[in-house]
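Contents: one structure, followed by commentary.
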Amino acid sequence: MLLQFLTQNYSSIRDEIILSLHPSAYKEHPENIINNGKYKALGMVAIYGANASGKTALYKAMTLALVLLRTSNVRQINEKLPAVTFKFDKVSSKMPTKFEFTFVAGDGKKYIYGYSFDTNKIHEEYLYRYNSTQPSLIFERNGSAYKFARAEKNLLNPLVRMNTDNKLFLATATAWNVESTKVPYKWLSEGIDTYTNDENIPNISLSQYRTEQKENVEFAQQLLKQADINISNIQVESKKINMPVGFPLIGGVVVAGQVLQPQEQYQIKITTDHIIKEDNGKEETYKLALGEESLGTQQLFFLAPLLRQTLKGGKVLVVDEIDRSLHPFIVKFLVNLFRNPSINTNGAQLIFTTHETALLSLDTFRRDQIYFTEKDTESGVTDLYSLDEFSVRKTDNIEKGYLLGRYGAIPFLRTEEIV
121 MLLQFLTQNY SSIRDEIILS LHPSAYKEHP ENIINNGKYK ALGMVAIYGA
171 NASGKTALYK AMTLALVLLR TSNVRQINEK LPAVTFKFDK VSSKMPTKFE
221 FTFVAGDGKK YIYGYSFDTN KIHEEYLYRY NSTQPSLIFE RNGSAYKFAR
271 AEKNLLNPLV RMNTDNKLFL ATATAWNVES TKVPYKWLSE GIDTYTNDEN
321 IPNISLSQYR TEQKENVEFA QQLLKQADIN ISNIQVESKK INMPVGFPLI
371 GGVVVAGQVL QPQEQYQIKI TTDHIIKEDN GKEETYKLAL GEESLGTQQL
421 FFLAPLLRQT LKGGKVLVVD EIDRSLHPFI VKFLVNLFRN PSINTNGAQL
471 IFTTHETALL SLDTFRRDQI YFTEKDTESG VTDLYSLDEF SVRKTDNIEK
521 GYLLGRYGAI PFLRTEEIV
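Each step along the sequence shown adds one to the number in the working numbering, with nothing skipped, and position 337 is 457.
The following block contains the structure:
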């Protein structure tokens, strides 16, 4: 369960911003709250903002924070870290980037894990666990100086020499099978999946269709049927292919139903069945390759395994521009999967960026579930804030208010004649 993500000095994000999933005291929409023991969190968060306002920067910050941790143990000693600092002032560009997660891990306990870094090294790193209402130290790291909880010191102190300046100690300690770091590391490495709508979604999705074909195809068929898409059946066929040396592989590109997976070098053929009623009243089944389906149908097909995995595992799904090629009703349908306690039985969470204003309604969301990004045109700094910060009545038309600029986070369009 994710409770909070904090970042500072990343891309257009100069100042510390916090995406909080801690519920406010509102009583509205209890179905939008998930529970994990004594902890509660928002089941969904929608993030709105103009183009280039920082929505994707926030998504990329979370993605990079997780990737740096997950790849720490394979990092070479002289390998640079991919720091992307705020470039529009002379101070920030030389300062470290900071990431921090607050979450409830698999043991049901709350943790805070964070670190700061530049291209050369990790400057700060810390891990705390809540055994009571106050956080207890597991380890802190400031430069080359480490501090450990008394009970952990004898175990963790020898591992300092196994770590390097550009590696994260949480990953190093877990690689040496330390129990106190294993649980939070496992959640951070497996509990959150971030996706953007480029070729990585088809690639990952097709790999899941190949390895868990029956379960994912059945889920996709149900999803498409409930979304009122006329597909009665889906066939997925895969075979391993021997590619010539130097053959240019195309990742995630659908061409007449043929999809190549460069990582596994599998050829995957996907066809869909459509039952069509002829003029004489008889029903006939016609087949289409996936590449012949609409972009929206393809998008739902590729999202299906990711949704299934998230709902089944009670994970956090972060999707950038979830509404691309999808009708507003379909996007709302996907959101409602996470609001339905009979479907979302394991406390899965959905965080997404979108431009789809039809979702902006207090009939669907609580005020604390709607976030906005806005970039200052003079300083280039992105700000993140919630609808909860405004005086909003239950009867207000949030969509209309947003489009009128009441909450900011919309583009200012100049209407002068374009020469």
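Every residue gets a Cβ at the ideal spot worked out from N, C-alpha and C, and that includes glycine. Source: prediction; values computed, not measured.
What is the DSSP secondary structure of F510, counted as helix, strand or coil?
-> In the three-state DSSP reduction, F510 falls in the coil class, being neither helix nor strand.
Opening and closing residue of the beta strand (DSSP E) in which A145 lies = DSSP places A145 in no beta strand (DSSP E); its state is neither H nor E.
Below 7 Å CB to CB, which residues in the same chain sit around V365 once its five sequence neighbours on both sides are set aside?
-> Low local confidence applies: a pLDDT of 47 at V365 is under 50, so the model's placement there is unreliable, and no value is given.
Contact check, E357 vs I390, beta carbons under 9 Å | The Cβ atoms of E357 and I390 lie closer than 9 Å to each other.
Could you check how far apart the C-beta atoms of Y522 and T477 are, in whole angstroms? I think they sit under 8 Å.
-> With a Cβ gap of about 6 Å, Y522 and T477 count as contacting.
Go through its chain and collect everything with a Cβ distance to F492's Cβ below 7 Å, but skip five positions before and after it.
-> Cβ neighbours of F492 beyond the five flanking positions: Y168, G169, Y505, Y527, G528, A529.
Opening and closing residue of the beta strand (DSSP E) in which A265 lies | Here the beta strand (DSSP E) through A265 covers 265-268.
Pull up the distance between the alpha-carbon of R261 and that of L184, whole angstroms please.
-> Each residue's alpha carbon lies about 20 Å from the other.
Give me whichever residues DSSP pairs with A161 in a beta bridge.
-> The partner list for A161 (beta bridge, DSSP) reads I154.
How about the segment 302-321 and the segment 393-407: do they share at least three Cβ pairs that are nearer than 8 Å?
-> Proximity of the segment 302-321 to the segment 393-407 falls short of the contact definition, fewer than three beta-carbon pairs being nearer than 8 Å.
Would you mind giving the Cβ-Cβ distance between E441 and T474, rounded to the nearest angstrom? I have them listed as a contact below 8 Å.
-> Taking 8 Å as the upper bound for CB-CB distance, E441 and T474 are in contact here, some 7 Å apart.
Check the DSSP bridge columns for I349 and list the partner residues they point to.
-> None; I349 has no bridge partner.
Quick one: residues in its chain with C-beta nearer than 7 Å to the C-beta of V375, no 5 flanking neighbours on either side, listed in chain order?
-> Only weak support is given to the placement of V375: the predicted model assigns it a pLDDT of 40, under 50, and the value that follows is read from those uncertain coordinates. Shown here for V375: same chain residues with a beta carbon closer than 7 Å to its own, the five before and five after excluded, namely G411 in chain order.
Can you pull the DSSP bridge partners for Y248?
-> Looking at the DSSP assignment, Y248 forms a beta bridge with I232, L257.
Span of the alpha helix (DSSP H) holding E310?
-> Note, E310: alpha helix (DSSP H), 299-310.
Alpha-carbon spacing of T239 relative to A203, whole angstroms = Between the alpha carbons of T239 and A203 lies a distance of about 5 Å.
Nearest-angstrom Cα distance between S140 and L126?
-> For S140 and L126, the distance between alpha carbons rounds to 8 Å.
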